[in-house]
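Protein sequences appear in the order of chains A and B.
Counted from 1, the first sequence has number 429 at position 422 by the working numbering; the numbering is strictly sequential.
Counted from 1, the second sequence has number 242 at position 235 by the working numbering; the numbering is strictly sequential.
Every residue, glycine too, gets a C-beta built ideally from N, C-alpha and C.
Quantities reported herein were computed from a predicted structural model and do not represent experimental measurements.
Protein chains: 2
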Amino acid sequence: MLEILDLSRKLAPETGLVERKRLGAELARLQRATFAHGLPALFVFEGLDGAGKGDSLAHLVEWLDPRGFKVHAPRAPSAEEALRPAWWRFWLRTPSRGELALFDRSWHGELVQKRLDGALDDAAWERALAQACEFERQLVAGGTVVVKFWLHVSREEQKRRVKAWAQDEHQRWRAELARERRAHGRKETLRVVEEVLARTQLPEAPWILLEADDDEWRRVGVMREAAAALRRGLAALGVTLADPPAPDGAAPAAPVAPAPDTLPPGFVIPAASPLARADLTLRLDRADYRRELGAAQARLRELGFAGYARRRTTVVAFEGCDAAGKGSAIKRLTEKLDPRGYAVIPVAAPTAEEKGHHYLWRFWRDLPKGGHLAVFDRTWYGRVLVERVEGFAAEADWRRAFREINEFERALAEAGVELVKFWLQVSPEEQLRRFRAREADPAKRYKIVADDWRNRAKWPQYVEAVGDMLRQTSTAAAPWTIVEAEDKPYARVKVLRTVVGAMERAVGRDAPP
Amino acid sequence: MLEILDLSRKLAPETGLVERKRLGAELARLQRATFAHGLPALFVFEGLDGAGKGDSLAHLVEWLDPRGFKVHAPRAPSAEEALRPAWWRFWLRTPSRGELALFDRSWHGELVQKRLDGALDDAAWERALAQACEFERQLVAGGTVVVKFWLHVSREEQKRRVKAWAQDEHQRWRAELARERRAHGRKETLRVVEEVLARTQLPEAPWILLEADDDEWRRVGVMREAAAALRRGLAALGVTLADPPAPDGAAPAAPVAPAPDTLPPGFVIPAASPLARADLTLRLDRADYRRELGAAQARLRELGFAGYARRRTTVVAFEGCDAAGKGSAIKRLTEKLDPRGYAVIPVAAPTAEEKGHHYLWRFWRDLPKGGHLAVFDRTWYGRVLVERVEGFAAEADWRRAFREINEFERALAEAGVELVKFWLQVSPEEQLRRFRAREADPAKRYKIVADDWRNRAKWPQYVEAVGDMLRQTSTAAAPWTIVEAEDKPYARVKVLRTVVGAMERAVGRDAPP
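Listed below in structure tokens is the structure:
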């Protein structure tokens, strides 16, 4: 089976780049469609050490909205997990409607390892294979897209890659893990792998066998197959990529009459507001932007590995005006990071379950594990912003929240968590320009909703609420960073550099208590 | 502080029993009111080993609806927990609206232990005490009732109790734990305890110091203070116990005109249905009932301890006609069990989050840990019962579910879980009598809702669905037990004896794979 693969297949870097750009744009559109239509998808990445699972994942998610996917890297069961049936931990990680769950190793890798270690006799092995098929069939029958990649690397290429890890101080642990796993020998390992592949090759949840010696060939292959799987899943729901409208304008939507501006006439940010001090003329030219963005992203990637190795945790909290560019700043912040090391947590109106709890409960729940980075797209500050302005929280409740939030953030700081808080500020005029641009672009029209115009009518109330928030909650343990966001390049670079500084502090810290 | 307590205080067993019955009935009413009004409550039980924390909990919950409380016995942080800020695991266990969370040991006990072990220097100790106060104040400000019990036991009585554990094979591990914890000496331990009590004695989250040498004195004290706390919490919401109506009829509700019967005229259970074979004349007289119930409950309690010690898991699934007596059977099943060893999972219509997942997801999620008992009040069979009858699931979906459910249950069996499935059957005539009795009793009227009458109109469809379910899913790994429930005493004893048999099998099994 695997020996048939032609591992000499290659793609020239320039061809690969063009292909990845094309497929990336398509994946981004497909992801918007799977979200809009509530299609869940689950991709599994398996392969020997050094096959490029992590790199494939990274090049895939680089094109995706980080609010829409979760990366799972299940290792040996924790004590909690070991006390339950083996499938419990995988069921809990299955994607919800519209979500994409990406598994860096899975039940399949675990099966192979257990069989090699002699932990499964023939009967247990048979049952485990059957249960893997049952699990995947149940998910697919319930409407989930399931695709499994086996990335196949040659003996020589694998050796080269593991050796490179051993020479990198942040990745040395991976080389050690790989050495342990090689104990059974390549031939014996692949014999067991092939049996798993053959026995769990389901028409509804296929294995894609991909040559992985050449990076470009592998990356493009993963993106192409992932896009094809999502397209098939959408087609089964009767959805084609014409809706929502494609940015290439293949199906030009009818022009929409611009909505009337809702900003209260004559409104200007009062001079007494801390927001009035933001210098919105700050700009960065294109060339500087590209250079600084690249440098900061590279440094963040290193710091991500170092933070993981040292178990240092960073939490980044984003608040800001509508259309201030939170989403695109988060995208630039995360796109070059190892996707196994971070999570983006989009914060919307609380669900019924969340409403049943204290307003801080869901933020406690979503705190990252040691060594990870969590990015909150909107935060616990909703209590003193939207809940205050809209009257969802009584005055006594949001006033008390300043103190409660300071306590919460101090508790994080004392637990060794590095916290960064951004307020992204644009002028009312720039916000209007961006709203109009969204209205005019069929591919972006979905981004502007009636709520945006309603919020715009409340600039005066929001400016007051933000001012109180900045004054009350800019503490030594957790200061605010105001990001002048009139110029997107400037804002993005300021965000990235601030996070670089925070992660450098996190990595330099002593071990948490 | 603690030396002031008069540990010779006693209550005669007969007085205690009368008081407990009175308080128990009141607690049951209070719990219904807290559920109806969405009041969350959190009770903490702390005390030296042998102070009677578990026994107090057991005597408290004996009177409560097991669907409305959760017992937490946090031990040392798991690996997952240790990777997050210390308060994460306690935040995750805070009660939701209408829920009661009961903590057998808590952050307070942990603080004491860490301080005794020298793991907290003075600064860390101060901050930890401050954070405990912040945590509790935040919860109370958010609307949660918080009450903390310190059960105080004398040196002599504690010794006696720990010695008794050492002589009981199932409780020996507790004696060993207690011995370890005594390493610091009583005097030093109580000095630290007193500091915690004093520093976290908050008006809004008070410590109740209770003499614990006499069991009756302690049990009654806990119940009295718990009831008082819930009454205060309800009063703060403007609720008094008159609504919902008290069973003593203090505020007699207006009589309600009986609803018209909705059973299709002439309906009888078809002879071909497996339900027609249930012998609904089976009865048990009062004296036999009391004797057998007592014996089975005592045996279940033993088996609960043995199952915990051997890490054997039991899952009990309840399905049945409306008013067949599921709730009261569950109550009898659990009321004498150690509340730290079981959980009752009420299954209602799925939440938005649950709807976002595969229909089996929430049942996987709620599977118990090794050594525990989980009781599902309604189950995954909703897919082939209500979802089929009401048309919430397409025919292809519920037909496929027979196989999926068999796979699910077989996976449980193979993971070493002992599964018991009950179908509680009453005749249409008996169901009508019970509906009418509920209508007539102001204290029980809340139990009968329009849905009950709508379901009654669908007896023919349900009999068909139940018949298919019993035929398709009574497997060797997971057989159904049909419980003839026309006579409640007979049904309850059959349920308890069946679970006794299952737990005996579970305890006798080899270790799970």
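Contact check, residue i vs residue j under 8 angstroms by CB: the rounded distance?
| i | j | result |
| --- | --- | --- |
| A:F97 | A:F142 | 7 angstroms |
| B:V169 | B:D56 | 6 angstroms |
| A:P92 | A:P271 | That pair is no contact at about 59 angstroms. |
| B:V354 | B:G389 | 7 angstroms |
| B:L217 | B:L46 | Contact doesn't hold; Cβ gap of about 23 angstroms is too wide. |
| A:E326 | A:L392 | 7 angstroms |
| B:Q138 | B:W94 | 7 angstroms |
| B:Q120 | B:G75 | Rounded, the Cβ-Cβ distance is 31 angstroms, inconsistent with contact. |
Quick one: grab the DSSP three-state call for residue i.
| i | result |
| --- | --- |
| B:Q432 | strand |
| A:Y349 | strand |
| A:F1 | With chain A running from 8 to 520 in the structure shown, residue 1 of chain A is simply not present. |
| B:W371 | helix |
| B:H79 | strand |
| A:H115 | helix |
| B:V354 | coil |
| A:E26 | helix |
| A:K155 | strand |
| A:L197 | helix |
| A:P254 | In this prediction, A:P254 scores a pLDDT of 47, lower than 50, which makes its location untrustworthy; the coordinate-derived value is nonetheless stated afterwards. Residue state, collapsed to three classes: coil. |
| B:L399 | Checking the displayed sequence, the identity of residue 399 of chain B turns out to be Phe instead of Leu. Coil, per DSSP. |
| A:I489 | strand |
| A:V456 | coil |
| B:V229 | helix |
| B:I276 | coil |
| B:G240 | helix |
| B:E53 | strand |
Looking only at its chain, what residues have a beta carbon closer than 8 angstroms to the beta carbon of residue i, apart from the 5 residues adjacent to it on each side?
| i | result |
| --- | --- |
| A:L18 | E26, D221, E223, W224 and V227 |
| B:A470 | Looking at the sequence itself, residue 470 of chain B is Val, so the reference to Ala does not match. Excluding positions up to five away in sequence, the list reads I276, P277, S280 and L282. |
| A:A285 | Q432, I489 and E491 |
| A:E69 | G31, E342 and K343 |
| A:D459 | D329, A330 and F442 |
Whose Cβ in chain B lies nearer than 7 angstroms to the Cβ of residue i?
| i | result |
| --- | --- |
| A:T538 | No statement about residue 538 of chain A is possible, as the shown extent of chain A runs from 8 to 520 and does not include it. |
| A:E183 | Neighbours of A:E183 on chain B: none; closest Cβ ~19 angstroms, over 7 angstroms. |
| A:L419 | P92 |
| A:H364 | T101 and S103 |
Assign residue i to buried or exposed, taking buried as 16 or more other Cβ atoms, counted over all protein chains shown, within 10 Å of its Cβ.
| i | result |
| --- | --- |
| A:D345 | buried |
| A:A48 | buried |
| A:E211 | exposed |
| B:P20 | exposed |
| A:P265 | exposed |
| B:L291 | buried |
| A:R395 | buried |
| A:P102 | buried |
| A:A205 | exposed |
Here's a check: name, in chain order, each residue in its chain whose Cβ is nearer than 6 angstroms to the Cβ of residue i, leaving out the five neighbours to either side.
| i | result |
| --- | --- |
| A:W172 | Q178, R181 and A182 |
| A:R347 | V78, A80 and D111 |
| A:V51 | F110, S113 and K155 |
| A:V322 | A381, V424 and L426 |
| A:A324 | F383, T386 and K428 |
| A:T151 | P47 and L49 |
| B:D255 | Caution is warranted here: a pLDDT of 48 is assigned to B:D255, below 50, making its placement in the model unreliable, and the coordinate value is therefore given only provisionally. So the list is empty, once near-sequence residues are dropped. |
Can you list the residues of chain B that residue i reaches, using a CB-CB cut of under 8 angstroms?
| i | result |
| --- | --- |
| A:K376 | E87, L90 and R91 |
| A:Q120 | What A:Q120 touches in chain B: nothing, since even the nearest Cβ is about 16 angstroms away. |
| A:E414 | Q138, E141 and Q145 |
How would you list, in chain order, the residues of chain B whose beta-carbon sits under 9 angstroms from the beta-carbon of residue i?
| i | result |
| --- | --- |
| A:Y497 | Near A:Y497 there are no residues of chain B at all, since even the closest Cβ is about 34 angstroms away, more than 9 angstroms. |
| A:L99 | W368, W371 and R372 |
Give me, in chain order, the residues of the same chain whose beta-carbon lies closer than 7 angstroms to that of residue i; leave out the 5 immediate sequence neighbours on both sides.
| i | result |
| --- | --- |
| B:A542 | In the structure displayed, chain B extends from 8 to 520; residue 542 of chain B sits before or after that span and is not available. |
| B:R231 | L30 |
| B:K451 | R445 |
| B:D268 | L439 |
| A:L197 | L9 |
Which residues in chain A have a C-beta closer than 8 angstroms to the C-beta of residue i? List them in chain order.
| i | result |
| --- | --- |
| B:R407 | A148 |
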